[in-house]
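Residue numbers (our numbering): 23 to 596.
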């Protein structure tokens, strides 16, 4: 390391002051890169003296990154043979995929701090370290001794360098070189950077012909037009400057789904979509190599309005609905415009996301004097439209409708709901619609959850003064909500049943709210085991030693089962 023993002592003192007061004096030898990481670690709520590293066994240990890194890791292992040095490869989330270490003593020391495959050294778990800080900061980093945020890591020095995808430039993983603190040298950073570069070269060589052809098509279309262009591949999305400046995040998400549906069905229709800036014509150019889809390039051209529309103010939620996130407000604005113009529209979205509720609200705001009809079949649709009604065809992708009425019929507005806008039962019906858009799922607008909670409680418990505690609210904000608003409502209803009087706390929430999303469906036995663990942690106020004792299992076993079920922070007061 560049510095002396006195420098290390100064950093140690600065760390102690930072942990005590939350700030480091500017006249001490603390590099800006390290200080910024300390601050992020503190904001993440990491306890410097409590070292809890989550374990996740279901990682892609044989994926593309590991395969491409294998020859580089083999070469490093041979070159460093006999030295007290470890070489580690992680994924983009700082989870260890491979570890090479020759000296047994160092291997045992690394095992003691769970610096091993399957464990996550993300900065929000482990604090400042070569792996997580390189991934978080996006550049190479050397962390020595007391520069680590966590006390358990102070005996070590580690140098990390991010590995970037050659096409998208996104971080795919991190290569890390670790040794004991007193053996640190600045050459560790050079070695990590060299290894990352070598792995990136292999990734570039292994990039399939499909990715190269998709990129070539994207460049060709971008050069020939002044419009927005996007390329959507299996693992990446690229947008030109026009797309980045004109299309909102919700627009790009809608176009990404459109492109992947086109690639799956091997069709390339020109479609009109209602984006945040108005109607647009979207042309699709699928790219195939060896009869396999490589991706789709989309060219998006803005269209002038087809009919005069009433003046509509800034994007905002629809009356009676709650939400202020940009994606939700943009969706409400597009639906509002479609209702005002009467253009037939298809509304797609996951179950429980509020498709019918939003359509009803748009009708009430823009067509309050017109009838509102909801049907699950096509009978009587044309007559209702002729009478000026808003007709909602629910579950169009799962119904048996063979034919829809054409475009505008009288003054009516035809709008349909579906879970996916391109499922096969719809293929013969899509011609009846001019516009389509997707209701953003609740997990894509977490800021709206905090607004929905008091509104849903008011509806579920009218006349009762009830709220969620700050801890319960934080738990609800961390859930993924695959069932969207309907699932949040069911969860609050169950919590109210457990807490008939007073505010809702963490213990009143269902156990599945206290675990992260699982990759698979749990068995009944696993659900019972998960609930027992959650109950024990709640009773122990998050103390894992006491919870393990109450369950009659070892603490290591408790950690493994918590990791398998995605249980985090249960029972902690902070």
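By construction, the Cβ of each residue, glycine as well, lies at the ideal position given by its N, Cα and C atoms.
For residue 201, the uninterrupted beta strand (DSSP E) run begins and ends at 193–202, by DSSP.
Residue environment for residue 499: exposed (fewer than 16 other C-beta atoms within 10 angstroms of its C-beta). In the DSSP assignment, the residues bridged to residue 307 are 319.
Taking the C-beta atoms as reference points, residue 493 is found no nearer than 7 Å to residue 523. Counting C-beta pairs closer than 8 Å gives fewer than three between the segment 82–89 and the segment 210–220, which falls short of the contact rule. Note that the segment 57–70 touches the segment 145–158; at least 3 beta-carbon pairs, one per stretch, sit closer than 8 Å. Residue 66 and residue 157 have their C-alpha atoms spaced approximately 15 Å apart.
Residue 371 is a Cβ neighbour of residue 460, given a cutoff of 7 Å. Spanning the alpha carbons of residue 31 and residue 52 requires a straight line of approximately 11 Å. A direct Cα-Cα distance of roughly 21 Å separates residue 577 from residue 547.
Straight across, the Cα-Cα distance linking residue 242 with residue 316 is about 16 Å. For the set 381, 141, 136, the Cα lying nearest the Cα of residue 435 is the one of 381.
For residue 123, the beta-bridge partners assigned by DSSP are 108. Under the DSSP definition of a beta bridge, residue 184 partners with 196. Inter-residue distance for residue 167 and residue 197 is about 19 Å (C-alpha atoms, whole angstroms).
Secondary structure of residue 363 (DSSP, three-state): helix. Exclusion of the five residues before and after residue 462 leaves 272, 349, 350, 353 as the residues of its chain whose Cβ lies within less than 7 Å of its Cβ. In the three-state reduction of the DSSP assignment, residue 371 falls in the coil class, being assigned neither a helical nor a strand state. Apart from the 5 residues on each side of it in sequence, residue 357 sits with its Cβ closer than 8 Å to the Cβ of 340, 367, 369, 380, 381, 384, 459 in its chain, given in chain order. Setting aside the 5 residues that flank it on each side, residue 501 is surrounded in the same chain by 535, each with a C-beta closer than 7 Å to its C-beta; the list follows chain order. Within the segment 440–515, the runs of alpha helix (DSSP H) at least 4 residues long that lie entirely inside it are, in chain order, 471–482, 492–499.
For residue 482, the CB contacts under 8 Å within the same chain, skipping 5 residues up- and downstream, are 511, 514, 515, 518 in chain order. Between the C-alpha atoms of residue 586 and residue 79 there is a straight-line separation of about 8 Å. In this structure residue 163 is buried. Its beta-carbon is surrounded by 16 or more other beta-carbon atoms within 10 angstroms. DSSP, read as helix, strand or coil, puts residue 546 in helix.
Note on the segment 151–186: whole alpha helix (DSSP H) runs with a minimum of 4 residues are 152–159, in chain order.
The Cβ atoms of residue 173 and residue 70 sit closer than 7 Å to each other. Here residue 142 is bridged, per DSSP, to 117. No Cβ-Cβ contact shorter than 7 Å links residue 222 with residue 177.
Closest in alpha carbon position to residue 224, among 93, 85, 457, is 93.
Counting of Cβ neighbours within 10 angstroms places residue 579 among the exposed residues, the total staying below 16.
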